[in-house]
Amino acid sequence: MTSSPHGVPASLRHEPSPETRQEADDDALIKALQARAWDPGLRFDRADVPVAWIIERYGKPRLERIRDDIVSYGSDGTVELKAETEEVTDYYADAPRGPLFPPISLSDVETAEHRIGRRLPELLRRLYTEVANGGFGPDGGLASLTDGNRAPGHVRNWPCAASVHERNLSEGMPPSWLFLTYSGCTMEWHVSLSAVDNPVLLYDADGYTFGEGPHDGLRHATASLRKWLWTWADGGDVWDEVL
């Protein structure tokens, strides 16, 4: 199967539709998200591959040739690579497909909505009930909606959007902002539950000083949740628009 430059098979990619994706495209978006979220090599922007496997398959000089694609080396003998690399595609080619955290029921979503105090956008409801309960996506990966999920090899539970939302409220964050994922350092992605098209907000926790409010920490807004998710599902980088 032919792959795109981003590592997403060509048959799973989609020709650009009008600038704002419409709800009619959401079935296709859910399928595209499933394709990435259920592939252990693509469910995040980076993936671990054993160094010994790379040397055995390609030879030791390969590590030097792919230097720009190496994010970090692990203490367990693995190397963290950008997800679109050939090495990741080859290593995970025969790995079982499936979500890191299985989708949840609509009842579970409604329980989380009660904690959050607002109904989630229909697209986000479908994401959690048809794709996965978080555990995939840009940067750190989308938070779960329920507590108690733990990825294999991790010592802490996966972030829960409802729990983070409750904490954020106590710290003065707008109640209409819902945490999506961590983005490194003090940056976080949030989705607006009140604005038209549910824009995705890049927020810097250290971006405002005493006497200011959280809005002063906003660094970028993607026009809609739909656009943000399509960018990632199509193999793109949600940071491209920011930078």
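Going by our numbering, the first residue of the sequence shown is number 62, and it counts up by one from there.
All residues carry an ideal CB built from backbone N, CA and C; glycine is no exception.
From a predicted model like this one, the values you see are computed outputs, not experimental measurements.
One Cα belongs to T283, the other to P260, and the distance between them is close to 6 Å. In the DSSP assignment, K143 falls within the unbroken beta strand (DSSP E) covering T139 to K143.
Per DSSP, E249 is one residue of the beta strand (DSSP E) stretching across M248 to S253. The beta carbons of L286 and P182 sit about 6 Å from each other, so the pair counts as a contact at 8 Å. Close CB contacts of S244 within its chain, under the 6 Å cut and outside five residues either way in sequence, are with D200 and W250 (chain order).
A Cβ-Cβ contact shorter than 9 Å links T172 with T207. Taking 9 Å as the cut-off, the beta carbon of L161 is found closer than this to the beta carbon of R104. If you look at T242, you'll find it in the beta strand (DSSP E) that goes W238 to Y243. For S237, same chain residues with a beta-carbon under 8 Å away, outside a window of 5 residues either side, are R179, S253, L254, S255 and A256 in chain order. Residues V132, E141, L142, K143 and A144 of the same chain have their beta carbon placed closer than 7 Å to that of R107, with the five preceding and five following residues left out of the count. In the structure shown, R107 falls within a strand segment according to DSSP collapsed to helix, strand and coil. DSSP, read as helix, strand or coil, puts D129 in helix. Less than 9 Å divides the Cβ of L188 from the Cβ of L203.
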